[in-house]
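Here the structure is laid out as structure tokens; the discussion comes afterwards.
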Amino acid sequence: MQQNQPTDTETVAEGEDGAPAPDGLESAEPVETLPPMVEVVVSLQTVPRGHQMTEDILALDLRPVGTVGNNVITSLDEAKGLFARTDIYQGETLTYDSLVDDITMVGLESYGPSSLIPPGYVAQSVPMNRLTSVAYGVSEGDYVDIMVTFFFRQIDEEFQTYLPNNAAFYLEEQIEAIEALGVGDVVTTTAGVILYPVVPIGRFEELPTGDLAHVFPNEDDASPRPVPVTMIIQNARVIQVGQYRLPGNPADLVPTPTPEPAEEGAPTPTPPPAVAPTATPLPSDVLVLALQPQQQLLLRYAIEVNAQVYFALRGVNDGQLYSVENMTLDFLMDRFNVEIPPNLGYSVEESAIRQVTPTPPPEEGSVPE
0 MQQNQPTDTE TVAEGEDGAP APDGLESAEP VETLPPMVEV VVSLQTVPRG HQMTEDILAL
60 DLRPVGTVGN NVITSLDEAK GLFARTDIYQ GETLTYDSLV DDITMVGLES YGPSSLIPPG
120 YVAQSVPMNR LTSVAYGVSE GDYVDIMVTF FFRQIDEEFQ TYLPNNAAFY LEEQIEAIEA
180 LGVGDVVTTT AGVILYPVVP IGRFEELPTG DLAHVFPNED DASPRPVPVT MIIQNARVIQ
240 VGQYRLPGNP ADLVPTPTPE PAEEGAPTPT PPPAVAPTAT PLPSDVLVLA LQPQQQLLLR
300 YAIEVNAQVY FALRGVNDGQ LYSVENMTLD FLMDRFNVEI PPNLGYSVEE SAIRQVTPTP
360 PPEEGSVPE
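Numbering (numbering that gives the first Met the number 0), first residue to last: 0 to 368.
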């Protein structure tokens with residue numbers, strides 16, 4: 000005989016909660032159905048415009064399908080490597096409009112080149128040509144090293160002019176005696192003082208004969224040799240190549256509608272005049288670089304004094320700053336153990352070979368004269 004068993008069966012009043020219905024029987028309580036979800040890409044950090052999205056700052060999150068538009072990015076691979084068009088906040092769902100694959104579009108279309116300048120840097124424009132710009136191989140977003148060569152010349156500290164100076168000797172002698180010689184550039188004055196100009200001034204040397212002579216530079220090479228010194232400014236960011244162009248009008252991107260065919264018997268419409276072909280644009284001759292303010296002052300000074308400015312293109316992931324010495328003639332000779340050759344009494348000049356134009360062969364069927 001079983002004990003502690005209820006003798007009466009409890010009944011549940013209508014409208015009250017009770018145990019779930021056995022299998023095969025319908026429950027009176029409706030079961031809530033979850034909406035379908037889809038994975039979307041979100042940002043784990045707040046990033047500024049122009050920042051490149053990497054895998055460590057991206058994640059997947061679930062969103063209801065009904066709230067996800069066609070513009071939302073749903074794959075991490077589609078977001079990695081792109082650049083933020085605007086400031087993106089932590090947890091924000093990424094869309095195709097908020098990212099661009101070309102960093103130049105961030106600056107050119109939305110905020111101008113200022114969005115590409117790193118913090119603590121300023122940008123200025125510098126001239127370039129085919130040789131200085133690595134054969135026009137520099138593009139926006141690249142990093143370059145700037146090689147600047149200054150040319151130092153000796154000057155007169157008082158006149159602040161290039162040496163050598165010109166000189167004039169005043170000789171108090173008889174004018175008739177000098178005129179009798181018939182040599183030299185002599186200018187006489189009313190006081191009987193003879194003015195003998197020396198252009199340019201050289202140096203006085205005693206010849207083997209014991210005579211004193213004035214030795215001066217060759218007229219074709221009178222200016223002294225400048226002393227070049229080359230230095231380098233490292234890791235400058237290329238903000239822009241060429242002249243800045245304002246964003247285009249979106250209305251210009253609307254495709255031209257296809258003309259509808261004319262009805263039978265209708266006159267043929269006159270076609271519009273042909274558009275002249277667009278001329279080939281000239282290569283860019285200006286470059287916008289981002290550097291620290293002190294470096295920008297140095298670069299501006301180099302341009303103002305007509306120093307030579309060349310650009311060396313860096314690798315994609317090469318941001319290292321190297322220890323580089325300034326290049327001078329002394330450094331070249333000491334670093335590479337260059338021996339000074341002895342002075343010789345002869346030299347090798349460019350060969351002068353007479354060019355002979357070959358006579359063209361006679362044409363077939365022609366009669367020689």
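By construction, the Cβ of each residue, glycine as well, lies at the ideal position given by its N, Cα and C atoms.
Inset, instruction - For the alpha helix (DSSP H) holding D60, just list the boundary residues, first then last. - result: Here the question's residue 60 lines up with position 61 in the sequence shown. Segment 57–63 is the beta strand (DSSP E) holding D60; no alpha helix (DSSP H) there.
Inset, instruction - Check the C-beta distance from A83 over to V46 and give it rounded, since I have them as a contact under 8 Å. - result: Indexing the sequence shown from 1 puts residue 83 at position 84. Indexing the sequence shown from 1 puts residue 46 at position 47. 5 Å between Cβ atoms; contact.
Legend entry - Distance, M332 Cα to P341 Cα: As a position in the sequence shown, residue 341 is number 342, starting the count at 1. As a position in the sequence shown, residue 332 is number 333, starting the count at 1. Approximately 15 Å between the Cα atoms of the pair.
Inset, instruction - May I ask you to verify whether the segment 114–130 touches the segment 278–292, counting CB pairs closer than 8 Å and requiring at least 3? - result: yes
Inset, instruction - List the whole-angstrom C-beta distance separating E376 from L81, where the pair is believed to meet the contact cut-off of C-beta under 8 Å. - result: Here the chain has residues from 0 to 368 only, and residue 376 is not among them.
Inset, instruction - Give the DSSP-derived three-state secondary structure of Y300 in the structure shown. - result: Along the sequence shown, one-based indexing puts residue 300 at 301. Note: Y300 maps to helix in three-state DSSP.
Inset, instruction - Could you tell me the boundaries of the alpha helix (DSSP H) in which L373 lies? - result: Nothing can be reported for residue 373, as the shown portion of the chain is limited to 0 through 368.
Inset, instruction - Please classify E157: is it buried, with 16 or more other beta-carbons within 10 angstroms of its beta-carbon, or exposed? - result: Start at 1 with the first residue of the sequence shown, and residue 157 comes out as number 158. For E157, the number of other beta carbons within 10 angstroms of its own is below 16, and it is reported as exposed.
Inset, instruction - Compute the Euclidean distance between the alpha carbons of S132 and F310, then round it to the nearest angstrom. - result: For the purposes of this step, residue 132 is taken as the residue at position 133 of the sequence shown. For the purposes of this step, residue 310 is taken as the residue at position 311 of the sequence shown. Cα to Cα, S132 sits roughly 6 Å from F310.
Legend entry - In chain order, each alpha helix (DSSP H) run of at least 4 residues that lies wholly inside the segment 303–337: 328–334
Legend entry - First and last residue of the uninterrupted beta strand (DSSP E) at E204: By 1-based counting over the sequence shown, the position of residue 204 is 205. In the DSSP annotation of this structure, the continuous segment of the beta strand (DSSP E) that includes E204 starts and ends at 202–205.
Inset, instruction - Name the two residues that bound the continuous beta strand (DSSP E) containing I231. - result: Residue numbering aside, residue 231 sits at position 232 when the sequence shown is read from its first letter. That run of the beta strand (DSSP E) goes 226–240.
Legend entry - Three-way DSSP call (helix, strand, coil) for S114 in this model: By 1-based counting over the sequence shown, the position of residue 114 is 115. The answer is helix: DSSP assigns S114 an H, G or I state.
Inset, instruction - For my contact list, G90 and V39 are in at a C-beta cut-off of 8 Å; report their separation, rounded to the angstrom. - result: For the purposes of this step, residue 90 is taken as residue 91 along the sequence shown, with counting starting at 1. For the purposes of this step, residue 39 is taken as residue 40 along the sequence shown, with counting starting at 1. Contact between G90 and V39 is ruled out by a C-beta separation of about 11 Å, above the 8 Å threshold.
Inset, instruction - Report yes or no: do three or more beta-carbon pairs, one from the segment 260–270 and one from the segment 203–215, lie closer than 8 Å? - result: The count of Cβ pairs closer than 8 Å, one atom from the segment 260–270 and one from the segment 203–215, stays below three, leaving the stretches out of contact.
Legend entry - Extent of the continuous beta strand (DSSP E) run through A289: Looking up residue 289 in the sequence shown gives position 290. Taken as a continuous stretch (DSSP letters only), the beta strand (DSSP E) holding A289 covers 285–290.
Inset, instruction - Assign A235 to buried or exposed, taking buried as 16 or more other Cβ atoms, counted over all protein chains shown, within 10 Å of its Cβ. - result: Translated into the one-based positions of the sequence shown, residue 235 becomes position 236. Burial call: buried.
Inset, instruction - Would you kindly check if the distance between the Cβ of V125 and the Cβ of V308 is under 9 Å? - result: Residue numbering aside, residue 308 sits at position 309 when the sequence shown is read from its first letter. Residue numbering aside, residue 125 sits at position 126 when the sequence shown is read from its first letter. For V308 and V125, yes; Cβs fall inside 9 Å.
Inset, instruction - To the nearest angstrom, report how far apart D155 and R224 are at their CA atoms. - result: Here residue 155 corresponds to residue number 156 of the sequence shown, with the count starting at 1. Here residue 224 corresponds to residue number 225 of the sequence shown, with the count starting at 1. The straight-line gap from Cα to Cα measures roughly 15 Å.
Legend entry - Neighbourhood of P282 by C-beta distance below 6 Å, restricted to the same chain and skipping five residues each side: The residue you call residue 282 lines up with position 283 of the sequence shown. Closer than 6 Å at Cβ, skipping near neighbours: Y135.
Inset, instruction - Reducing DSSP to helix, strand and coil, say where Q51 ends up. - result: In the sequence shown, residue 51 corresponds to position 52, counting from 1. Strand at Q51.
Legend entry - M36: first and last residue of the uninterrupted beta strand (DSSP E) it sits in: Locating residue 36 in the sequence shown gives position 37, where the first residue counts as 1. Segment 36–42, the beta strand (DSSP E) holding M36.
Inset, instruction - Would you mind sorting A265 into buried or exposed? The rule is 16 or more other CB atoms within 10 Å of its CB. - result: The sequence position of residue 265 within the sequence shown is 266, counting from 1. Classified as exposed, A265 has fewer than 16 neighbouring CB atoms from the shown chains inside 10 Å of its CB.
Legend entry - Selected residue, minimal CA-CA separation from V147, among D96, D220, Y300, A278: The residue you call residue 147 lines up with position 148 of the sequence shown. When each option's Cα is compared against that of V147, the closest is Y300.
Inset, instruction - Confirm, please, whether the CB-CB distance from L298 to D141 is below 9 Å. - result: Counted from its first residue, the sequence shown places residue 141 at position 142. Counted from its first residue, the sequence shown places residue 298 at position 299. No, these two residues do not count as a Cβ contact at 9 Å.
Inset, instruction - Thinking V228 and F151 are a contact (beta carbons under 8 Å), I'd like their distance in whole angstroms, please. - result: Taking the sequence shown and counting its residues from 1, the one referred to as residue 228 is at position 229. Taking the sequence shown and counting its residues from 1, the one referred to as residue 151 is at position 152. Contact flag correct, Cβ pair sits at about 6 Å.
Legend entry - CB of P280 within 9 Å of CB of P216, strictly: Start at 1 with the first residue of the sequence shown, and residue 280 comes out as number 281. Start at 1 with the first residue of the sequence shown, and residue 216 comes out as number 217. Cβ distance not < 9 Å, so P280 and P216 don't count as in contact.
Inset, instruction - Please state whether DSSP places D101 in a helix, a strand or coil. - result: Walking along the sequence shown from the start, residue 101 turns up at place 102. The three-state reading of DSSP puts D101 in coil, since its state is none of H, G, I, E or B.
Inset, instruction - Taking T148 as part of the beta strand (DSSP E), name the residues at either end of that continuous run. - result: Your numbering for residue 148 matches position 149 in the sequence shown. Its beta strand (DSSP E) spans residues 142–151.
Legend entry - N123 - partner residues in DSSP beta bridges: As a working mapping, residue 123 is identified with position 124 in the sequence shown. The residue asked about is misnamed: residue 123 is Gln in this sequence, not Asn. Q123 pairs with L288.
Inset, instruction - Go ahead and pull the three-state DSSP assignment for T92. - result: Translated into the one-based positions of the sequence shown, residue 92 becomes position 93. Three-state result, T92: strand.
Legend entry - Residue environment, E139, which counts as buried when at least 16 other CB atoms sit within 10 Å: Against the sequence shown, residue 139 aligns to sequence position 140. Its Cβ being crowded by 16 or more others within 10 Å, E139 is buried.
Legend entry - C-beta contact flag for I200 and A166 at 9 Å: Residue mapping note: residue 200 aligns to position 201 of the sequence shown, counting from 1. Residue mapping note: residue 166 aligns to position 167 of the sequence shown, counting from 1. Closer than 9 Å, so yes.
Legend entry - I232 to I302 span [Cα, whole Å]: Here the question's residue 232 lines up with position 233 in the sequence shown. Here the question's residue 302 lines up with position 303 in the sequence shown. Their Cα atoms are separated by approximately 14 Å.
Inset, instruction - Would you kindly check if the distance between the Cβ of V64 and the Cβ of V37 is under 9 Å? - result: Walking along the sequence shown from the start, residue 37 turns up at place 38. Walking along the sequence shown from the start, residue 64 turns up at place 65. For V37 and V64, yes; Cβs fall inside 9 Å.
Inset, instruction - On a CA-only basis, which of L33, E338, Q293, M127 is nearest V237? Give me that one, please. - result: Against the sequence shown, residue 237 aligns to sequence position 238. Closest option to V237, Cα to Cα, is M127.
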